[in-house]
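Scroll down for the structure; my scribbles are underneath it.
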Amino acid sequence: MDWISHIIFGLTIARLGFMNRPQEWEKYRTIIILVAIAASLFPDLDILGTHRSELHAPVVLAALAGIIGLAYPLSFRPLLSGFLSHSLLDIFLFDNSKDTIRQIIDIAITNDTTASEVNEVVITGVAANGIMLLYPISRTMYSIVLTETTYAIVAMLVLCIAAVTVYLTRRDRDKYQ
Ligand SMILES: [Zn+2]
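Just remember that our numbering sits 455 ahead of the position in the sequence shown, which is counted from 1.
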């Protein structure tokens, strides 16, 4: 998934994680939001090495959140939310067998050589075989391949969950004021 979806989903889950802790949320909102954004992007640092490697494995990420959480307890929930929401979204793969990405690029770039270069970069950048869901037990990659339609549905679902969270947040705030 793209980084905007990761941030939206990570923030949403983090907000839900503080639903029953309104005082903590009100007091440390900015820090919580910043930690959640950083955490929801963090796993993709493995793009510097092997993309979607151990850094995308839920157990590794949960352990990392636990260790940092021991030192900074407030960071535990936003870290775990950002990390695991990222992992979850990356299980979904976009089915590019019909060269959809290239078609979209062709709309924006008319030069054929440039278009094919950009296509190459994007494909190798986003190319993945899913995530190592069960690492360290197994290094098997798990994925759910989405077509154009189902990809849009998943993206819509993420936005709907975000919208519901914003709604709940508003209602909560009204209740306390
Ligand atoms: Zn990722």
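Yeah, the Cβ is synthetic: ideal placement off N, Cα and C, and Gly gets one too.
By the Cβ criterion, the region 530 to 550 is in contact with the region 491 to 507, since at least three pairs of Cβ atoms, one from each stretch, lie closer than 8 Å.
Note that the C-beta distance between VAL576 and ILE556 is not below 8 Å. Cβ contact annotation for SER542 (same chain, cutoff 7 Å, sequence separation greater than five): PRO498, HIS511, PRO513, LEU516, ILE586, in chain order. With a threshold of 7 Å, the Cβ atom of ASP499 counts as near ligand 1, since some heavy atom of the ligand is closer than that. For the pair ILE486 and PHE473, the CB atoms are not nearer than the 8 Å cut-off. Not one heavy atom of ligand 1 sits closer than 7 Å to the Cβ of ASP457. Counting C-beta pairs with one atom in each stretch, the region 591 to 601 and the region 547 to 562 have three or more that are closer than 8 Å, which means they touch.
Relative to the non-hydrogen atoms of ligand 1, the Cβ of ARG507 comes within a distance shorter than 7 Å of at least one. Distances from the alpha-carbon of VAL490 to those of PRO477, ARG470, VAL619, ASP501 put ARG470 closest.
Short note on ASP545: C-beta closer than 7 Å to some heavy atom of ligand 1. The three-state secondary structure of PHE464, taken from DSSP, is helix. Shown here, ILE592 sits in coil according to DSSP, grouped into three states, outside any helix or strand. Distance check between LEU539 and each of THR568, SER593, VAL619, GLY521 places GLY521 closest, using alpha-carbon atoms only. Counting the other Cβ atoms within 10 Å of the Cβ of THR467 gives 16 or more, which makes it buried. As summarised for the region 544 to 622, the continuous beta strand (DSSP E) elements at least 3 residues long and confined to that stretch are 547 to 549, 599 to 601, given in chain order.
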